[in-house]
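**Student:** I'd like to ask some things about the structure below.
Chains as they are written, first to last, in the working numbering: chain A, 4 to 798; chain B, 4 to 282.
Structure representation (structure tokens):
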């Protein structure tokens, strides 16, 4: 620990001389002594006041510029003089502003969207040449406008399904919850909704994601070269930002689909000063159940509510409050009930200390919980489990020079885990109360990172993150475990820990770096390295993660997972950025990966750790990506060739085996074509290698039942057949009527257009009528063509 | 509690247009291994052990019997006997008497290999009664008679049970009928009517006039895990299926690390029985 701290402090000292100006910067508007002045402010959408994340500010005569941060704030330091400053953002009319700079200046700018005459669809919300110019690699952004035009399952626009069309991102099967990034597990993605972690991003067991597309403004997925600001998961960061709400006028957006309906309302609180948005969705399949006599006592629905408000308190301060509540409810009459969902709350305060120092302070709470039970009768019980975290952090952007931006900050997350508690709820219940010990932990972090332009050709972002995890007592008993790997181990050496008493501390240093070298104006080479540490783990022993899976902290037995990832890439744009292309190659090493003994019981198990196994993981691959940004036809082709394996003592005779989510080939093709100004058609095609699974080679009979067996107890020796699917969609825009604000559109889509029965899994069973006969059975989640229509409107 | 898991799997498939098809799969033929099925109970013997060999998964022929093996059973009181082969591959005891609290070691010498299996017979609660109760039709079940278990559970966590239900003399024996449970959630409580049947198992529910017999077995922890893994592997369907894996065994080759492993189980358990005719 002391060593880690010293290293971190040493690193701080290395960078700190550069930050000297931080303290010296006068609060007033005077220029700094070496004759430079700063222009800063916010970039916003003229129509609705939304911050333009990633918009650029450029002084063409000097060839320098800056990019707006995630709150739309920018800062550019220049020598005194007269300049033309150009503000640009894809899809918006650029604005050229002549400025006489003799002192520090605040200049907030509103950009108007490009005129309606362009019938083009824009695939990104970033600068046209960002692909080759930024140090970012392994990063994908999806613009909600694009996502809304792509074919969607049952017509429901879905953030998480859409990102699965990008290179390096896959899933174990349709309907499976979560996603896998570069050969990592579903729990290795940090999913943030307005900075609050989401612990289960699915509705209806994984069919739909928890994010309401009408409330989402921007989605960014980072799978390599992850900046030091983020940590806590091995594989990726999915940063979902909610809309801020229209600061100019009341706006209503809604839609009616086969599965659910949506409504979002946004309006100014005080025009130009503050606004809010409230968006909700609810599925209504259960309403039809009421008309079926057999089913009228059954319930199956979900809903979610997203809300956000912001208010500007003068030039320097802005406050945001956002919240999310999602719930799934299933009930079978009085026999069984299950509810689950996420809730989050985030409060943020942006403060501009001076024109070069921007700060954001965040306080948040996030909870995922589920309950299941039988409401009455002699088998009544109520089962609860949850994970809750409270978090506070401060992040700073210091625009030191046009060539250097320092990002630094610190934070802490306090976790409580309720792994499971069962209580009887009627006097005659046969069940007794069982409560597993609560668990508590605190995760601390501090980071410093520098975005540096060394020359027009070479730029870098490098930083260091110090993280530390304290596993703490809560009046709980902890054990150590003894015994051979592969079997239930025996708990030994029980020790009692009082609430708040430290059980185990894990400090870690996480270096991060990425580098961009421009070969010329339209191509560059990039390289990145990052070390990631993960302190909380999802205990999931099923093919697809289930909503009943429980998160566990790192404990005295479960060690934090580490990953080292190295990636290099070649990025090139063609035809004046009309096309962008990239090739990235990555390699990743992971340790302390968790697996399970055969037949492990992961629920309500006091000695869960006795059934866990730990080992190494490795993943490597190449990702190819070509995207067409302009013209009537836009879209992309993405292909990933990869491998993901692990080696766990106690599984597969201690030899390496492929992960269940290993995909050798993964191909996505997305095309969006503007047929007429009112008709847009789109199509996506997917191909992937089938998931790895274990097939038996022999059978035996016990108690008259046929049991499959595989010689040598090998793991994942086979693949289910390949998965491929074609989806189609068409969007029809209502006739634009300049006299009315009402705007509507119809979206028609066909999911699984050629009705392939894609195997989700293959399992083996004895024939129900003739036990001597054995058979292999394919489960296809969607075995048919699924057409749908939805109606969307806004005014 | 197993019922809940089943419920949950059904629930998650309900809203899907999911479908199941029997498909051809090409898999290699595994090498034959010794397969053991045997038991010793607290009821009077003889007790039987059957030895077969594993066969290729899609082979429909009866499993080959292992003849001429030498099986020795020894209990913790020092009694020891060699089993007789009463029919091909089927071996029987004649003197050893199973007793609650005793441990047993079965040694098998077959085809040049030697295997050992250890087990014990644990304490058991008594059945109060087994009853049949008429249940009306609901959204999750058909109407008919359901078989319920009544009895005290022994105080102290760590008891494991299997229930076998016989319908007009024939055991309900589809993969879904295998019922194993533990006392983690019900320790020391009176079990006042837990369903032992569901409609799928019998291809319909019980009717008036049906003869019903229930066997309650108190089993060891390891055998519970064996049966539980077996339940998982033979009903392994759905979104949240577990990765296929071999079911454990307590029959070990005395040469550690030998490729000639065995499968199956030699189990010690009690048997308590109650029966009724539905009126």
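Quick reminder that beta carbons are idealized off the backbone N, C-alpha and C, glycines included. Computed from a prediction, not measured in an experiment: that's the story for all the values here.
(1) Looking at the unbroken beta strand (DSSP E) that takes in residue 244 of chain A, where does it start and where does it end?
(2) Please state whether DSSP places residue 274 of chain B in a helix, a strand or coil.
(3) Could you tell me which chain A residues have their CB closer than 8 Å to the CB of residue 194 of chain B, listed as they occur along the chain?
(4) What does residue 84 of chain B pair with, by DSSP beta-bridge criteria?
(5) Going along chain B, which residues have a C-beta under 7 Å from residue 382 of chain A?
(6) As an exercise, report each continuous alpha helix (DSSP H) stretch of at least 4 residues that is fully enclosed by the stretch 160–220 of chain B, in chain order.
(7) I need the DSSP call for residue 596 of chain A, collapsed to helix, strand or coil.
(8) In the DSSP assignment, find the alpha helix (DSSP H) that holds residue 153 of chain A and state where it starts and stops.
(9) Quick one: give me the first and last residue of the beta strand (DSSP E) that residue 285 of chain A is part of.
(10) Quick check: what's the CA-CA separation for residue 34 of chain B versus residue 65 of chain B?
(11) Use the C-beta contact count for residue 525 of chain A: other C-beta atoms within 10 angstroms, 16 or more gives buried, fewer gives exposed.
(12) What residues of chain A sit near residue 132 of chain B, judged by a beta carbon separation below 7 Å?
(13) Which word fits residue 399 of chain A, buried or exposed, when buried means at least 16 other C-beta atoms lie within 10 angstroms of its C-beta?
(14) So what does residue 591 of chain A bridge to, in DSSP terms?
(15) I'd like to know if residue 63 of chain B contacts chain A, where contact means its C-beta is closer than 8 Å to some C-beta of that chain.
(16) What three-state label does DSSP hand residue 235 of chain B in the structure shown?
(17) Do residue 135 of chain B and residue 279 of chain B have their C-beta atoms closer together than 8 Å?
(18) According to DSSP, what are the bridge partners of residue 639 of chain A?
(19) Identify each residue in the stretch 696–711 of chain A for which the Cβ-Cβ distance to at least one residue of chain B is less than 9 Å, and report them in chain order.
(20) What separation, rounded to the nearest whole angstrom, lies between the Cα atoms of residue 270 of chain A and residue 277 of chain A?
(21) My output table needs one value for residue 472 of chain A: the three-state DSSP class, helix, strand or coil.
(22) Quick one, which residues of the stretch 247–281 of chain B are near chain A if we go by CB-CB under 9 Å, in chain order?
(23) Could you please give me the residues that DSSP links to residue 423 of chain A through a beta bridge?
(24) Counting pairs of Cβ atoms below 8 Å between the stretch 202–220 of chain A and the stretch 513–532 of chain A, do you hit three or more?
(25) Find the residues of chain A that neighbour residue 228 of chain B, judging by a C-beta separation of less than 9 Å, and give them in chain order.
(26) Check whether the stretch 446–457 of chain A touches the stretch 617–631 of chain A, counting contact only when three or more Cβ pairs, one atom from each stretch, lie closer than 8 Å.
(27) Check the Cβ-Cβ distances between residue 716 of chain A and every residue of chain B, and say whether any is below 8 Å.
(28) Taking the Cβ atom as the reference point for each residue, do residue 757 of chain A and residue 729 of chain A lie within a distance shorter than 8 Å?
(29) Tell me whether residue 29 of chain B is buried or exposed, calling it buried when 16 or more other Cβ atoms sit within 10 Å of its Cβ.
(30) When DSSP labels each residue in this structure, what does residue 12 of chain A get in the three-state scheme?
(31) Between the stretch 540–553 of chain A and chain B, which residues of the former have CB atoms less than 7 Å from a CB of the latter, in chain order?
(32) What residues from chain B crowd round residue 769 of chain A, counting only those whose CB sits closer than 8 Å?
(33) Could you round the C-beta distance between residue 523 of chain A and residue 132 of chain A to whole angstroms and report it? I think they count as a contact, below 8 Å.
(34) Could you say which of A/316, A/311, A/360 and A/301 lies nearest to residue 332 of chain A if we only look at CA atoms?
(35) List the residues of chain A that residue 231 of chain B touches, going by C-beta distances under 7 Å, in chain order.
(36) Closer than 7 Å by C-beta to residue 86 of chain A: which residues in its own chain qualify, once you throw out the five before and the five after it? Chain order, please.
**Tutor:** The short version:
(1) What you label residue 244 of chain A is simply residue 241 of the first chain in a count that begins at 1. It spans 239–245 - the beta strand (DSSP E) in which residue 244 of chain A sits, taken as one unbroken run.
(2) For the purposes of this step, residue 274 of chain B is taken as residue 271 along the second chain, with counting starting at 1. Note: residue 274 of chain B maps to coil in three-state DSSP.
(3) Here residue 194 of chain B refers to the residue found at position 191 when the second chain is read from its first residue. By Cβ distance, chain A contributes 433.
(4) Walking along the second chain from the start, residue 84 of chain B turns up at place 81. Residue 84 of chain B pairs with B/76.
(5) Start at 1 with the first residue of the first chain, and residue 382 of chain A comes out as number 379. Simply 197.
(6) 202–205
(7) On the first chain, residue 596 of chain A is found 593 positions in, with the first residue counted as 1. Reduced to three states, the DSSP call for residue 596 of chain A is strand.
(8) Residue mapping note: residue 153 of chain A aligns to position 150 of the first chain, counting from 1. Bounds of any alpha helix (DSSP H) do not take in residue 153 of chain A, whose DSSP letter is neither H nor E.
(9) Counting from 1 along the first chain, the entry for residue 285 of chain A is found at position 282. 277–286 is the extent of the beta strand (DSSP E) around residue 285 of chain A.
(10) Numbered from its first residue, the second chain carries residue 34 of chain B at position 31. Numbered from its first residue, the second chain carries residue 65 of chain B at position 62. Approximately 16 Å, taken between the alpha carbons.
(11) For the purposes of this step, residue 525 of chain A is taken as the residue at position 522 of the first chain. Buried, by the Cβ-count rule.
(12) In the second chain, residue 132 of chain B corresponds to position 129, counting from 1. Those within 7 Å of residue 132 of chain B in chain A number zero; the least Cβ separation is about 15 Å.
(13) As a working mapping, residue 399 of chain A is identified with position 396 in the first chain. So residue 399 of chain A ends up on the buried side.
(14) Walking along the first chain from the start, residue 591 of chain A turns up at place 588. Beta-bridge pairing links residue 591 of chain A to A/568 and A/622.
(15) The residue given as residue 63 of chain B occupies position 60 in the second chain. Residue contact check for residue 63 of chain B against chain A: a CB pair falls below 8 Å.
(16) Mapped onto the second chain, residue 235 of chain B falls at position 232. It is helical.
(17) In the second chain, counting from the first residue as 1, residue 135 of chain B sits at position 132. In the second chain, counting from the first residue as 1, residue 279 of chain B sits at position 276. It is a contact, given that the beta carbons lie within the stated cut-off.
(18) To locate residue 639 of chain A, count along the first chain from 1; it is residue 636. Answer by DSSP bridge pairing, in chain order: A/630 and A/673.
(19) Under the 9 Å Cβ criterion, the stretch 696–711 of chain A contributes 696, 697, 698, 699, 700, 701, 702, 703, 704, 705, 706, 707, 708, 709, 710 and 711.
(20) Taking the first residue of the first chain as position 1, residue 270 of chain A is located at position 267. Taking the first residue of the first chain as position 1, residue 277 of chain A is located at position 274. Those two C-alpha atoms are separated by around 9 Å.
(21) Here residue 472 of chain A refers to the residue found at position 469 when the first chain is read from its first residue. If DSSP states are grouped into helix, strand and coil, residue 472 of chain A belongs with the strands.
(22) 247, 248, 249, 250, 251, 262, 264, 266, 267 and 268
(23) As a working note, residue 423 of chain A is residue 420 in the first chain. Looking at the DSSP assignment, residue 423 of chain A forms no beta bridge with any residue, so it has no partner.
(24) no
(25) By 1-based counting over the second chain, the position of residue 228 of chain B is 225. Under the 9 Å cutoff, chain A gives 491, 602 and 604.
(26) no
(27) Translated into positions along the first chain, residue 716 of chain A becomes position 713. Output row for residue 716 of chain A: interface = yes.
(28) As a position in the first chain, residue 757 of chain A is number 754, starting the count at 1. As a position in the first chain, residue 729 of chain A is number 726, starting the count at 1. It is a contact, given that the beta carbons lie within the stated cut-off.
(29) As a working mapping, residue 29 of chain B is identified with position 26 in the second chain. By the Cβ neighbour-count rule, residue 29 of chain B is exposed, with fewer than 16 other Cβ atoms within 10 Å of its own.
(30) To locate residue 12 of chain A, count along the first chain from 1; it is residue 9. Because the pLDDT of residue 12 of chain A is 45, which lies under 50, any placement of that residue in the model is unreliable, and the question is left without a value.
(31) Residues 544, 545, 546, 547 and 549.
(32) One-based indexing of the first chain puts residue 769 of chain A at position 766. Near residue 769 of chain A (Cβ distances below 8 Å), the residues of chain B are 178 and 237.
(33) By 1-based counting over the first chain, the position of residue 523 of chain A is 520. By 1-based counting over the first chain, the position of residue 132 of chain A is 129. Not a contact, Cβ separation roughly 12 Å.
(34) The residue given as residue 332 of chain A occupies position 329 in the first chain. Checked all of A/316, A/311, A/360 and A/301; the closest Cα to residue 332 of chain A is A/301.
(35) Locating residue 231 of chain B in the second chain gives position 228, where the first residue counts as 1. Those within 7 Å of residue 231 of chain B in chain A are 602.
(36) Counted from its first residue, the first chain places residue 86 of chain A at position 83. Hits under 7 Å: 62, 64, 102 and 104.
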